[in-house]
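Asker: Okay, here's the structure, questions in a sec.
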Amino acid sequence: MTEQSDEKTEDRRADPPTVADVAALAKVSRAVVSRALSASPRPVSADKRARVLQAAEALGYRPNLLARSLTTKRVNLVAVVVNHIHDLSDLDLFDRLLGEIQGVGKQVLLLKVGSVDRVEEFLRDGVAHHVDAALVWSDFADAATVRRMFRSDAVVMMNGRHDALSPAVVPQEAAGIGEAVTSAAGQGVRRAALVTGRASSRIEEARVASYRQAFEANAIALVEVLQGDYSYASGRAASDAFLRDEAPDAVFCTSDAMAMGVLDGCRALFPGNRPTRFRLYGFDNLSLTDTDAYPISSIGFDKAEFVDHILRFVVDPERFVPGSPPVGVPTRFVPRATG
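Residue numbers 1 to 339, in UniProt numbering, belong to the letters of the sequence shown in order.
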């Protein structure tokens, strides 16, 4: 009899802890445990949440995500749709974004959509994922298409291809660009070159227009435009054009990665990172521009604020009112050695 009792005790010990076990140890209801361990909009007091977390840790409890999804009708997956992820600007932003998404109890599904053909393949083959939200940076997907791809209205657009039915978060670039160009004019710049990014990007189209307007407002002649793709390699390729005797007074790049390529290609013209023939400006204000290797004057925005606006639409999709304008995040000019 004793041996049978011991076996039953061992079996019970082998069973994984349940919500009921956590609730009993924390001295709260099972409903409170569920809310405390999820991104539920219903509040839980700080004291109860702390007790639940402590009890869950002590018991080694892990939530059953499948069961939770059946209860809440949410799968706790967020799709992030990109062109690719080799741009340095992407890495700076997405590192923060992924951390914040995981912080609200969701995981990320990363999808590469780098062409119109890829979008059509998704639609033609019926490739779709059940997600709580889709966050879109890809140049090639408009809001209506993304809603069809995921069979969901929970779509947040960052690529400039939004419509009245989907929220959008975008940098307000004209102000920061205006500050940079005005600063250059104050340094005596009268002739400028512009190294641009992907021609397929709506955001880039607006960015280039802002540079042109700022040049005109500051009486700076745009003497050369070179097509890049935001990458370091395209900036390095463009740098050959600025080694000529008749270089412009300033080179503006629409990404920091391209500006880094230009700087490395023209290092002889920047002894001690100081300009001798032309000034150099980037865009994105990457963390790398705070290093001694690439102290490039740049234009940027608060990435924490940008991600926070996105996350609000992920956690509470109902906050979006159809027809609302895009949420704008201010940009600013950050002067450094090259400018």
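We put the CB at the ideal spot given by N, CA and C, even for glycine.
#1: In or out: Val22 buried (at least 16 other Cβ within 10 Å) or exposed?
#2: Using the beta-carbon count (16 or more within 10 Å), is Ile85 buried or exposed?
#3: Can you tell me whether DSSP reads Ser324 as helix, strand or coil?
#4: Ignore the nearest five residues each way along the sequence and tell me which others in Asp153's own chain have a CB closer than 8 angstroms to its CB.
#5: Are any of the Cβ atoms in chain D nearer than 7 angstroms to that of Val251?
#6: Comparing alpha-carbon positions, which option in Ala247, Ser231, Met158 and Gly160 lies nearest Arg190?
#7: From Val208, Leu222, Ala20 and Val75, pick the residue whose C-alpha is nearest to that of Gln107; which is it?
#8: When the Cα of Asp142 is compared with those of Phe150, Ala133, Asp163 and Arg49, which residue comes out closest?
#9: Would you decide whether Ser138 is buried or exposed? Buried here means 16 or more other CB atoms lie within 10 Å of its CB.
#10: Provide the residue(s) that pair with Lys112 in DSSP beta bridges, ordered along the chain.
#11: Checking the sheet assignment: what are the DSSP bridge partners for Cys266?
#12: Tell me which residues share the same chain as Thr71 and place their Cβ nearer than 7 angstroms to its Cβ, disregarding the 5 neighbours each side in the sequence.
#13: Measure the alpha-carbon distance for Leu93 versus Val80 and round it to whole angstroms.
#14: For a minimum of 4 consecutive residues, which ranges assigned as the alpha helix (DSSP H) are wholly contained in the stretch 136-196?
#15: Mind checking which residues open and close the beta strand (DSSP E) that includes Phe252?
#16: Measure the beta-carbon distance from Val223 to Phe242 and round it to whole angstroms, keeping in mind my assumption that it falls under 8 angstroms.
#17: Asp290 and Ser255 look like a contact to me (Cβ under 8 angstroms); what is the Cβ gap, rounded to whole Å?
#18: Taking the straight line between their C-alpha atoms, what separation do you get for Arg198 and Leu25?
#19: Starting from Tyr211, follow the beta strand (DSSP E) in both directions and report where the run begins and ends.
#20: Buried or exposed, going by whether 16 or more other CB atoms sit within 10 Å of the CB of Gly178?
#21: Using CA atoms only, rank isn't needed, just tell me which of Asp245, Ala193 and Gly282 is closest to Leu257.
#22: Starting from Gly300, follow its DSSP beta bridges and name the residues at the other end.
#23: To the nearest angstrom, how far is it from the Cα of Val136 to the Cα of Lys27?
#24: Inspect the beta-carbon positions of Thr338 and Gly176 and report whether they are closer than 7 angstroms.
#25: What do you get for Glu121, buried or exposed, if any count of 16 or more other CB atoms within 10 angstroms of its CB means buried?
#26: Distance, Cα to Cα, Ser78 vs Phe301?
#27: Given Gln172, which residues of its chain have a CB within under 7 angstroms of its CB, disregarding the five upstream and five downstream residues?
#28: Per the contact definition of three or more C-beta pairs closer than 8 angstroms, is the stretch 204-213 in contact with the stretch 267-275?
#29: Look up Leu77 in the DSSP assignment and say whether it is helix, strand or coil.
#30: Which residue's Cα is closest to the Cα of Gly95: Ala144, Asp132, Val155 and Ala304?
#31: Using CA atoms only, rank isn't needed, just tell me which of Val44, Ala20 and Ser45 is closest to Ala55.
#32: DSSP state of Ala50, grouped into three classes?
Answerer: Put simply:
#1: Flag for Val22 reads buried.
#2: exposed
#3: The three-state reading of DSSP puts Ser324 in coil, since its state is none of H, G, I, E or B.
#4: Arg147, Leu165, Ser166 and Pro317
#5: The structure shown has no chain D; it contains just one protein chain.
#6: Ala247
#7: Val75
#8: Asp163
#9: buried
#10: Val82
#11: For Cys266, which the question treats as bridged, DSSP gives no partner whatsoever.
#12: The predicted position of Thr71 is uncertain, since its pLDDT is 47 and thus under 50; no value can be drawn from it.
#13: 12 angstroms
#14: Qualifying alpha helix (DSSP H) stretches, in chain order: 143-150 and 173-186.
#15: Ala250 to Cys253
#16: Going by Cβ atoms, the distance from Val223 to Phe242 rounds to 11 angstroms, so no, they are not a contact pair.
#17: Contact doesn't hold; Cβ gap of about 16 angstroms is too wide.
#18: 57 angstroms
#19: Not the beta strand (DSSP E): Tyr211 falls in the alpha helix (DSSP H), residues Arg202 to Ala217.
#20: buried
#21: In the sequence as presented, Leu is not what sits at residue 257; that position holds Ala. Among Asp245, Ala193 and Gly282, the Cα nearest to that of Ala257 is on Gly282.
#22: Answer is Arg332.
#23: Going by C-alpha positions, Val136 is about 43 angstroms away from Lys27.
#24: Cβ atoms of Thr338 and Gly176: not closer than 7 angstroms.
#25: exposed
#26: The identity of residue 78 in the sequence shown is Val, whereas the question assumes Ser. Per the coordinates, the alpha-carbon of Val78 lies some 24 angstroms from the alpha-carbon of Phe301.
#27: Gly328, Val329, Pro330 and Thr331
#28: no
#29: strand
#30: Just to set this straight, residue 95 is Asp in the shown sequence, not Gly. Residue Ala304 is the option with its Cα nearest to Asp95.
#31: It is Ala20.
#32: Per DSSP, reduced to three states, the secondary structure at Ala50 is helical.
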